[in-house]
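Enquirer:
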Amino acid sequence: MGSISVQGIIKRFGGLAAVDRVDLEISEGEFVTLLGPSGCGKTTMLRLLAGFLTPEEGRILVDGELYSSPERCLPPERRQMGMVFQSYAVWPHRTAFENVAFGLKIRKRPATEIRERVGAILKLVGLEGLEDRYAAQLSGGQQQRVALARSLVVEPRILLLDEPLSNLDAKLRERMRVELKQLQRRTGITFVYVTHDQAEAMALSDRIAVFRQGRVHQYASPREVYERPADKVVADFMGLVNFLEGTVEEAGARGTVRIRPDLALPVGLPTWAAAGQRVWLAIRPEDIYLSPPAALVAGADSTAFPGTVREQIYLGGLIDYQVEVAGLPLRVMAHHVAAFEVGASVSVRVDTDRCAVVQQE
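Under the numbering used here, the first residue of the sequence shown carries the number 9, and numbering increases by one thereafter.
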C-alpha cells in the first residue's frame with residue numbers, strides 16, 4: 009500500500025500561493041520526483057504530504073483515506089510516512105544503532121525486535137558492522153544511510169525525501185543515486201523525492217513533476233519530460249536546449265517550421281499546431297551533428313545546412329561548440345573524435361525526429 013492522490017491542493021503564505029491547484033496521482037511503489045528551482049513550491053508540497061502544513065483548498069488521500077483537507081489534517085505521526093531531511097538530522101552523540109532504533113523505541117517495541125529490525129535495515133543500507141560507531145565518526149554518505157535506515161526501520165508506506173543528497177560531493181552523490189534507486193526497488197516503498205537537480209531526477213524517477221511558481225507544468229516519465237516537454241518552461245529547465253522561433257508552414261502529424269527565409273525544418277507537430285502559428289522549436293545540443301562541408305550536397309537533405317564554428321570548448325569526451333547557421337547561434341555537443349577548429353566551415357544536420365515544438369506564451 010502507498011498510493012497518493014493530490015487533488016486541487018492550494019497552500020498560501022500571505023497573499024502568495026506557494027502551491028497553486030496541484031493535482032498528482034502517485035501509484036503504489038512508484039518513485040516520483042518533485043523537480044524545480046528554489047521557491048517553486050516543491051518542498052511546500054512535500055510538507056503538505058507529510059502533514060506539517062494544512063492546505064487552504066483541495067485534498068490529499070492515501071490509499072483512498074483522507075489525510076489532508078482544510079477541515080481535517082491527520083497528524084504526521086499517524087500517517088505511516090518516513091521523512092529524510094536535507095541535513096540528515098542524525099544525532100552525532102549517538103551510535104548508528106541508537107539513531108536507527110529511536111523510532112522503534114518511541115513505539116515501545118520489544119528489545120529483541122528492535123535488535124533484529126535495526127540489524128536487518130543496517131545491512132540493507134550497507135552499514136553492517138558499523139552499528140557501534142558514533143554518527144560524528146561516519147562519513148557524509150554513511151550518515152545519509154543512517155538517516156534512510158532510521159526512516160525505513162519503522163516500515164513506512166511512503167518515504168518522503170527533501171533534497172537528501174545535496175550536501176554530498178559530486179562522486180558520492182552519483183553513487184548514492186544508484187543506491188537509492190536500488191533500495192527503493194528492493195523495499196517496494198513509494199518514494200516522493202524533492203530536488204532541483206535535473207540529472208538526479210532523471211536518474212532516479214519513474215515520473216517527474218516539474219514545478220514552477222507553485223504549479224505543475226508537466227507530470228510524466230523522465231524520457232517524455234526531456235524529449236517531449238509540455239512547454240518552454242519545462243524544455244528550458246530540463247538541461248541544455250536551443251530555442252528557435254519560427255512559424256508553422258505546413259500543419260499535420262509531420263509539418264514544417266520556418267525559422268528564416270533560408271532555414272526551415274520538417275518536424276513532428278503536436279495536434280494544436282496550425283498553419284501560420286508562431287512557435288518555439290526546441291533542439292537539444294546532442295541532436296545536432298557536425299561534419300565536413302564536403303558532406304553537404306545542396307538540396308539533398310532538408311535537415312542539413314552550412315554553418316561556421318564560432319567557439320569550441322573541450323570537455324574530455326565531448327566538445328561544446330557554438331556554431332552559426334543562417335545568422336543564428338546554435339549550441340552543439342559533439343564527440344571529441346571529430347574536432348573542428350574555430351572558424352571552420354561545417355555541415356550542420358539536425359535530427360528533426362527529436363525536435364520538440366512548444367507554444368509561445
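C-beta: ideal position from N, C-alpha, C; glycine also.
Just curious, the alpha helix (DSSP H) that Arg55 is in, first and last residue?
Expert: Along the sequence shown, read from residue 1 onward, the residue named residue 55 stands at position 47. Lys50 to Ala58 is the extent of the alpha helix (DSSP H) around Arg55.
Enquirer: So is Trp288 buried or exposed if we call it buried at 16+ other beta carbons inside 10 Å?
Expert: As a first step, residue 288 must be located in the sequence shown, where it is residue number 280. So Trp288 counts as buried.
Enquirer: Pick from Arg357, Val256 and Glu163: whose alpha carbon is nearest that of Ala407?
Expert: Examination of residue 407 is not possible in this model, given that the chain is present from 9 through 369 alone.
Enquirer: Please report the straight-line C-alpha distance between Arg20 and Ile296, rounded to a whole angstrom.
Expert: Numbered from its first residue, the sequence shown carries residue 20 at position 12. Numbered from its first residue, the sequence shown carries residue 296 at position 288. Arg20 and Ile296: Cα-Cα distance of roughly 43 Å.
Enquirer: Return the CA-CA distance between Ala228 and Leu169, expressed in angstroms with no decimal places.
Expert: For the purposes of this step, residue 228 is identified with residue 220 of the sequence shown, where counting begins at 1. For the purposes of this step, residue 169 is identified with residue 161 of the sequence shown, where counting begins at 1. C-alpha separation (whole angstroms): 19 Å.
Enquirer: Excluding the 5 residues flanking Leu54 on each side, which residues of the same chain have their C-beta closer than 7 Å to its C-beta?
Expert: Within the sequence shown, numbered from 1, the residue matching residue 54 stands at position 46. Cβ within range, chain order: Leu42, Leu168, Asp170, Val200 and Val202.
Enquirer: Extract the residue ranges of the alpha helix (DSSP H) inside the stretch 330 to 362, only unbroken runs of 4 or more that lie entirely within it.
Expert: With a minimum length of 4 residues, no continuous alpha helix (DSSP H) run stays inside the stretch 330 to 362.
Enquirer: With a threshold of 16 other CB atoms inside 10 Å of the CB of Glu79, please say whether the residue is buried or exposed.
Expert: Your numbering for residue 79 matches position 71 in the sequence shown. Burial call: exposed.
Enquirer: Can you tell me whether Leu248 is buried or exposed? The criterion is at least 16 other CB atoms within 10 Å of its CB, across all chains shown.
Expert: In the sequence shown, the residue the question calls residue 248 occupies position 240. Classification for Leu248: exposed.
Enquirer: Which residues in the same chain as Gln226 place their Cβ atom closer than 6 Å to its Cβ, once the five residues preceding and following it in sequence are excluded?
Expert: What you label residue 226 is simply residue 218 of the sequence shown in a count that begins at 1. So the list reads Val218, Val233, Ala238 and Val242, once near-sequence residues are dropped.
Enquirer: Take every Cβ of the stretch 136 to 144, pair it with every Cβ of the stretch 183 to 198, and state whether three or more of those distances are shorter than 8 Å.
Expert: Counting Cβ pairs under 8 Å, fewer than three are found: no touch.
Enquirer: Over what stretch of residues does the alpha helix (DSSP H) that includes Leu212 continue unbroken?
Expert: Here residue 212 is taken as the residue at index 204 of the sequence shown, counted from 1. Here the alpha helix (DSSP H) through Leu212 covers Gln206 to Leu212.
Enquirer: In the DSSP output, what is Trp288 paired with across the bridge?
Expert: By 1-based counting over the sequence shown, the position of residue 288 is 280. DSSP output for Trp288 lists Glu253 and Val366 as bridge partner(s).
Enquirer: Look at the alpha carbon of Arg268 and the alpha carbon of Gly254, and state the distance between them as a whole number of angstroms.
Expert: Numbered from 1 along the sequence shown, position 260 holds the residue referred to as residue 268. Numbered from 1 along the sequence shown, position 246 holds the residue referred to as residue 254. So the alpha carbons of these two residues sit roughly 8 Å apart.
Enquirer: Taking 8 Å as the cut-off, decide whether the C-beta atoms of Leu56 and Val92 are in contact.
Expert: To locate residue 56, count along the sequence shown from 1; it is residue 48. To locate residue 92, count along the sequence shown from 1; it is residue 84. In this structure, Val92 does not lie closer than 8 Å to Leu56 by Cβ.
Enquirer: Are the stretch 268 to 281 and the stretch 354 to 369 touching by the rule of at least three beta carbon pairs closer than 8 Å?
Expert: Counting Cβ pairs under 8 Å, three or more are found: they touch.
Enquirer: Please classify Thr279: is it buried, with 16 or more other beta-carbons within 10 angstroms of its beta-carbon, or exposed?
Expert: Translated into the one-based positions of the sequence shown, residue 279 becomes position 271. Under this definition Thr279 is an exposed residue.
Enquirer: When the Cα of Arg125 is compared with those of Ser159, Gly149 and His101, which residue comes out closest?
Expert: In the sequence shown, the residue the question calls residue 125 occupies position 117. Of the listed residues, the one whose Cα sits closest to Arg125 is Ser159.
Enquirer: What are the residues that DSSP puts in a beta bridge with Pro314?
Expert: In the sequence shown, residue 314 corresponds to position 306, counting from 1. Pro314 is bridged to Ser355.
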